[in-house]
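Take a look at the structure set out below.
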Amino acid sequence: MIFKKNIADLTVVRNTRFNNRYFMLDLQAEEPFSVILPGQFVQVLVAGSPSTFLRRPFSIHSVDFASRRLRLLIQIKGEGTRHLSLLTEGAKLNVIYPLGNSFSLPVTKKVLLVGGGCGVAPLLFLAQFLNQQHIQPVILIGFRTRSEMFEIEEYSKFGQLLITTDDGTAGEKGLVVDHSLFQKERLDFGKIYCCGPVPMMQSVARIAQWHKVDCEVSLENTMACGFGACLCCITPTDRGNERVCMEGPVFNTKRLKWL
Amino acid sequence: MIFKKNIADLTVVRNTRFNNRYFMLDLQAEEPFSVILPGQFVQVLVAGSPSTFLRRPFSIHSVDFASRRLRLLIQIKGEGTRHLSLLTEGAKLNVIYPLGNSFSLPVTKKVLLVGGGCGVAPLLFLAQFLNQQHIQPVILIGFRTRSEMFEIEEYSKFGQLLITTDDGTAGEKGLVVDHSLFQKERLDFGKIYCCGPVPMMQSVARIAQWHKVDCEVSLENTMACGFGACLCCITPTDRGNERVCMEGPVFNTKRLKWL
Amino acid sequence: MNDLSVNIAGMTFKNPVTTASGTFGYGEEFLDFLDPGQLGGIFVKAVTGKNREGNNYPRMAETTGGMLNSVGLQNKGVDIFCRDIYPKIKTFDTHIIVNVSGSTVEEYVEVSERINELEKIPAIELNISCPNVKLGGMAFGTMPDMAKEVTIAVRKVYKKILMVKLSPNVTHITEIAKAVVDGGADVITLINTLLGMAIDAERRRPVLSTITGGLSGPAIKPVALRMVWQVHKAVPVPVIGLGGIMNATDAIEFILAGASAVQIGTANFIDPRVGLKIIDGLGQYLERHQISTIKELIGALKTE
Amino acid sequence: MNDLSVNIAGMTFKNPVTTASGTFGYGEEFLDFLDPGQLGGIFVKAVTGKNREGNNYPRMAETTGGMLNSVGLQNKGVDIFCRDIYPKIKTFDTHIIVNVSGSTVEEYVEVSERINELEKIPAIELNISCPNVKLGGMAFGTMPDMAKEVTIAVRKVYKKILMVKLSPNVTHITEIAKAVVDGGADVITLINTLLGMAIDAERRRPVLSTITGGLSGPAIKPVALRMVWQVHKAVPVPVIGLGGIMNATDAIEFILAGASAVQIGTANFIDPRVGLKIIDGLGQYLERHQISTIKELIGALKTE
Ligand SMILES: Cc1cc2nc3c(=O)[nH]c(=O)nc-3n(C[C@H](O)[C@H](O)[C@H](O)COP(=O)(O)OP(=O)(O)OC[C@H]3O[C@@H](n4cnc5c(N)ncnc54)[C@H](O)[C@@H]3O)c2cc1C
Ligand SMILES: Cc1cc2nc3c(=O)[nH]c(=O)nc-3n(C[C@H](O)[C@H](O)[C@H](O)COP(=O)(O)OP(=O)(O)OC[C@H]3O[C@@H](n4cnc5c(N)ncnc54)[C@H](O)[C@@H]3O)c2cc1C
Ligand SMILES: Cc1cc2nc3c(=O)[nH]c(=O)nc-3n(C[C@H](O)[C@H](O)[C@H](O)COP(=O)(O)O)c2cc1C
Ligand SMILES: Cc1cc2nc3c(=O)[nH]c(=O)nc-3n(C[C@H](O)[C@H](O)[C@H](O)COP(=O)(O)O)c2cc1C
Ligand code: FES
Ligand code: FES
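Written as structure tokens, this is what we have:
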């Protein structure tokens, strides 16, 4: 397997707006991709935005190796993401990819994926990848409300989809950690993969620890480089301060100090 | 007459490319213009260009009061002007206008206008204005070569047009100051108005002085504000350092120290 | 709700948004854009003892997120200021504060004494931090002893509120701040510009006629915020903060760091109405955070 | 034509483009993007006596035209450097220079002594200018006496080329420069980061865990250029210049101001191949201006 970081101008082939907060960029590469694994991310240069000096990191939402496309699912936060949300077909985007480690393969076939907010970004790619290993995960996703749900059918292709909404307009009412799945005596999974807001990941990690289930989370951090050079993005682990962009973004919660 | 500086978002209604260096922006205002005089300029905010922090000054090339439009003739120099050259119809441009003083009215009807490079910008407006005062100026313009000439017919409407080109492909060959007009014993004008590169303006001013003809030039300078607040744009005059953006940009060469 | 007023050394400012010396002319240049009475105050262009022509052209260079200037205190001198300019601006319905500059202690004293007589000027701001003059200026602001000396001398003749504006081009800003407070300063304003330089690579020459100049604009905001925070903690007098403020969020940051008021400088050149927008933005911030008075935010940075 | 090589204290650099300590890891992080052998040299991340975990998260804040960092010298210590890292990087076909940091004079001496033994390391860069550590670091770089003392102490044990990297957070950069040259420095590099601060207005907290941090990027270029120019004129040793260099034009500006070589810092984060682009750009500049060697440009600023 060839692991190699690239810098390239990718072409925006589609910009899909899901709602007033989320959009998806489909990016076309000239060259075929080398290995890209679920959990990895990219660093995007936001040209033409006066207040955006550094690149912006985004998880790889999914990859189509055949057509040399990768997709980013982006939540509008500030100037950089607002600027990206306005890109139209044909625009060039300078991207460094792929970066970081990836989710590790589970040892059992009983696997739970948990996501919320823009933390869902890498989950579809992971689900697809698990399918290729003949694993059908349970996928639990939290949305704020029914009208903000998206890509529901996509997820259903790869596993059993469970949903929570804050207001109960779809699936179970409440946060993902309130889901009835977690109320059971035994949490019957060999592995939990989780990404989303830190408080959510912490709650899920605590539940996993309680049930002695292995749990991996994908962390965010403030990044200057994204490829291990600056040491700005550290998180405390059992081996000291590690770089989220190199030793992560995926960490086994056993190794983290933030529980 | 109401003199008032405005800040407004003007709408680009046309962006005409003359050649690889020059383009013209037609800008539409919502509100009717108050007084705008030939020689005045505007300060344009170049949004979305990371390296353009301050506004960019441009002479007012012409005004159509009835349709509330003003035009800027712009030469591509660096990032700011390159960015403006890419604007398309419908784009909004934040502009402060009108700024600076203006050319003064001549006491005689024999008037010569001399321009070269992007210094031609305010001349059409001036010619049109003189026409309204029943003055038909002689207009002498220098271009590099025939293929870079533009707006020739426009000028011809308002006076007698003379041309020089560096390579002789149109009009007389040479610089504007080489024109046969200046070789005559007597320079039979009551006033010369001149704008263009500083060396050209200096040569014309020297000729004017020799012939004892009144001469006004339009100066450029590095401007931070454009409306008199910063004192960055001074030029030495007989009254000390004066602001090019307020006491100028038009100066009678008698008052300048740069001859 | 939304009380934006602040008190500084006994003066009440209707809001904490003022304009920085040298970036707002004498206020008159902005009359087409705003009513100065809406601002908390105006710090007018430096006034010196005699007429000064300032430095030669070019005086300005654009830099990333900022600009260099080397205006060099061009002004008509204190006589003309008192005779011609003061009568025109004294009617503005806001505090007019005069920025006093000089090359010698005597010049600072002379100018301050004259300004002391002007009824509608409640305060002066001693500019011991101008990087663009050969004599005096910044030299006073980089040495604690000199900074104190000039403050003491002016304090003797100036009876109203004495503000001193510090230079950021120093190793220990708090030492200078303490020195001028010891010398009798009622208020500290900071920062003036950082000493910088721009080069035209194609012509292989400095861009500015003076080679070096003063850097202002958002590029310097992190340095300014740090110094405001350090000085606010170090001295018992109110601090007025500035350096790169472009919008209301920037202003809030300075206030949280310890500024009782802020000055808007370079931003005025890009948007002459920016002061009013910042005042609006401060009101919105208070509303969003349900804070009744902006005074609560002064120095309210949580650092545990 | 187009000779880009420069000589610094007897070393020949194939071109004047090197990378700044702390922004290029140990070179390894860049192997997918470029061959380090194409660069003039690499200044690797700070090495201290013992393992250091650095500061807490968050360590980074973006600012206008720059960024603040408070990494705080995280590294595995000199033992691990010599044992694990050095063998991997010593094969790079370029000069590898180690940035030496410490909290005490003894620590600087200890580390320098160890690095002195490494055959393929021709020089060290004493970092007496790190703003992100509580003890030592910048303190050494802001006081001429301490700067000189640490330089003398290291000079005694370090036999190869001794570079000293200065902090810009001082009143008189030339005094510090003279002090370290007196102490035995062969080369001066400058500038390190400006001490700054960022505040999250919504949360009313500092952005960085350390409250203040070091400002880098194009925002600081005017200050860096000014200091390189001042120091180049003040001391007889070569100067390596850095601070906000993003492209070849910036690099030329530093060279004109007096830098014999430049370091690229923050720009590496945005474009890990920027060093190569700058090398290309320098060649083009020489060609356009018909200059046969870049040495002609060092300090060639025309100021008459
Ligand atoms: C490894 C990684 C993967 C990511 N994947 C995705 C993704 O797939 N989709 C997605 O929408 N977002 C993702 N993010 C977050 C994304 O990078 C930020 O939202 C984005 O950089 C914000 O840029 P901006 O210019 O719009 O906002 P800014 O104007 O920079 O900031 C707006 C607000 O967001 C906060 N913020 C900015 N960057 C971060 C950050 N890195 N971490 C936490 N808070 C931040 C700021 O403090 C500020 O309050 C990821 C981040 C990391 C580190
Ligand atoms: C009163 C006034 C009226 C003007 N009218 C016109 C006009 O009608 N049409 C037109 O094309 N241009 C005009 N200019 C010049 C125009 O403002 C500059 O060309 C423009 O600001 C360059 O911006 P930029 O970002 O493209 O270039 P930058 O990247 O800022 O600079 C590119 C190069 O141009 C030089 N430069 C930039 N600004 C100026 C300036 N103000 N004076 C001299 N050199 C400068 C720089 O030093 C640099 O070498 C006028 C200038 C003034 C002061
Ligand atoms: C063009 C210009 C002229 C200035 N003139 C003065 C002055 O006369 N007196 C003074 O104390 N500060 C002067 N300053 C400094 C500003 O008042 C202010 O301290 C500095 O610009 C930083 O603030 P800013 O980043 O908001 O502009 C001047 C600044 C600029 C840009
Ligand atoms: C993330 C980061 C880490 C740094 N670490 C070090 C360091 O370990 N030692 C050092 O001397 N300088 C360090 N610096 C300072 C840089 O080497 C350089 O002096 C500074 O960033 C200015 O250059 P620039 O604007 O090109 O980045 C660091 C800078 C950054 C941004
Ligand atoms: S972002 Fe630079 S090391 Fe992780
Ligand atoms: S540009 Fe500010 S005074 Fe003229």
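Protein chains in written order, with the working numbering: chain F, 1 to 259; chain C, 1001 to 1259; chain Y, 2001 to 2304; chain W, 3001 to 3304. Glycine included, C-beta positions come from ideal geometry on N, C-alpha and C. Small disclaimer: the values here were computed from a predicted structure and weren't measured.
Spatially closest choice to residue i from the options, by CA coordinates
i, options, result
"residue 2243 of chain Y", "Y:2229, Y:2224, Y:2108 and Y:2256", "Y:2224"
"residue 142 of chain F", "F:223, F:151 and F:135", "F:151"
"residue 2042 of chain Y", "Y:2297, Y:2193 and Y:2123", "Y:2123"
"residue 3277 of chain W", "W:3185, W:3299 and W:3246", "W:3246"
"residue 3179 of chain W", "W:3197, W:3146 and W:3161", "W:3146"
"residue 3189 of chain W", "W:3151, W:3228, W:3160 and W:3219", "W:3228"
"residue 2020 of chain Y", "Y:2055, Y:2286, Y:2158 and Y:2264", "Y:2264"
"residue 3121 of chain W", "W:3097, W:3104, W:3141 and W:3010", "W:3097"
"residue 1165 of chain C", "C:1157, C:1178, C:1154 and C:1158", "C:1178"
Sequence-distant residues of the same chain with beta carbon closer than 8 Å to residue i, five excluded per side
i, result
"residue 1089 of chain C", "1012, 1013, 1014 and 1015"
"residue 1031 of chain C", "1006, 1008 and 1068"
"residue 262 of chain F", "Lying outside 1 to 259, the shown extent of chain F, residue 262 of chain F is not represented and no answer is given."
Any chain C beta carbon closer than 8 Å to residue i
i, result
"residue 1975 of chain Y", "Limits of chain Y in this structure are 2001 at one end and 2304 at the other, which puts residue 1975 of chain Y out of reach."
"residue 2057 of chain Y", "yes"
"residue 2033 of chain Y", "yes"
"residue 2044 of chain Y", "no"
Beta-carbon proximity list for residue i, same chain, < 6 Å, skipping 5 on both sides
i, result
"residue 83 of chain F", "46 and 49"
"residue 1238 of chain C", "1255"
"residue 2163 of chain Y", "2123, 2125, 2187 and 2189"
"residue 2030 of chain Y", "2272"
Minimum Cβ-Cβ distance from residue i to chain Y less than 8 Å
i, result
"residue 1240 of chain C", "yes"
"residue 1004 of chain C", "yes"
"residue 3165 of chain W", "no"
"residue 3191 of chain W", "no"
"residue 3233 of chain W", "no"
"residue 3062 of chain W", "no"
Residue-level contact to chain F via CB, residue i, 8 Å cutoff
i, result
"residue 3296 of chain W", "no"
"residue 3203 of chain W", "no"
"residue 3246 of chain W", "no"
Neighbour flag for residue i against chain W, beta carbons, 8 Å
i, result
"residue 256 of chain F", "no"
"residue 2022 of chain Y", "no"
"residue 7 of chain F", "yes"
"residue 2197 of chain Y", "yes"
"residue 221 of chain F", "yes"
7 Å CB neighbourhood of residue i in its chain, flanking five on each side removed
i, result
"residue 2215 of chain Y", "2063, 2066, 2068, 2193, 2194 and 2196"
"residue 1038 of chain C", "1102, 1103, 1122, 1125, 1126 and 1129"
"residue 3208 of chain W", "3058, 3059, 3061, 3068, 3070 and 3198"
"residue 2175 of chain Y", "2144"
Segment contact flag, the region 3073-3082 of chain W with the region 3187-3203 of chain W, C-beta cutoff 8 Å, min 3 pairs: Contact between the region 3073-3082 of chain W and the region 3187-3203 of chain W is absent, because fewer than three Cβ pairs lie under 8 Å.
Where the region 1040-1068 of chain C meets chain F: residues whose CB sits under 9 Å from a CB there: Flagged, chain order: 1047, 1048, 1049, 1050, 1051, 1052 and 1053.
Residues of the region 3095-3122 of chain W whose Cβ lies closer than 9 Å to any Cβ of chain Y, in chain order: Sequence-ordered contacts of the region 3095-3122 of chain W with chain Y are nonexistent [C-beta pairs closer than 9 Å].
Interface residues of the region 183-204 of chain F facing chain W [CB-CB below 9 Å]: For the region 183-204 of chain F, which is checked against every Cβ of chain W, not one residue is closer than 9 Å.
Residues within the region 225-250 of chain F neighbouring chain W, beta-carbon criterion of under 7 Å: Answer set for the region 225-250 of chain F: 225, 227, 228, 229, 230, 231, 232, 234, 235, 240 and 241.
Any 3 or more C-beta pairs closer than 8 Å across the region 2080-2090 of chain Y and the region 1250-1258 of chain C: Flag = no, the region 2080-2090 of chain Y and the region 1250-1258 of chain C do not touch.
Members of the region 3263-3283 of chain W that neighbour chain F once the beta carbon cut-off is set at 9 Å: Close to chain F, meaning a Cβ-Cβ distance shorter than 9 Å, are the following residues of the region 3263-3283 of chain W: 3266, 3268, 3269, 3270, 3271, 3272 and 3273.
Sufficient close CB pairs (3 or more, under 8 Å) joining the region 3154-3171 of chain W to the region 2157-2177 of chain Y: Contact holds between the region 3154-3171 of chain W and the region 2157-2177 of chain Y, because three or more Cβ pairs, one in each stretch, are under 8 Å apart.
Meets three-Cβ-pair contact criterion under 8 Å: the region 3252-3266 of chain W and the region 3003-3023 of chain W: Using a C-beta cut-off of 8 Å, the region 3252-3266 of chain W makes contact with the region 3003-3023 of chain W, since at least three inter-stretch Cβ pairs fall below that distance.
Segment contact, 8 Å Cβ cut-off, at least three pairs: the region 2007-2021 of chain Y with the region 2103-2119 of chain Y: Judged by Cβ distances under 8 Å, the region 2007-2021 of chain Y makes no contact with the region 2103-2119 of chain Y, as fewer than three pairs qualify.
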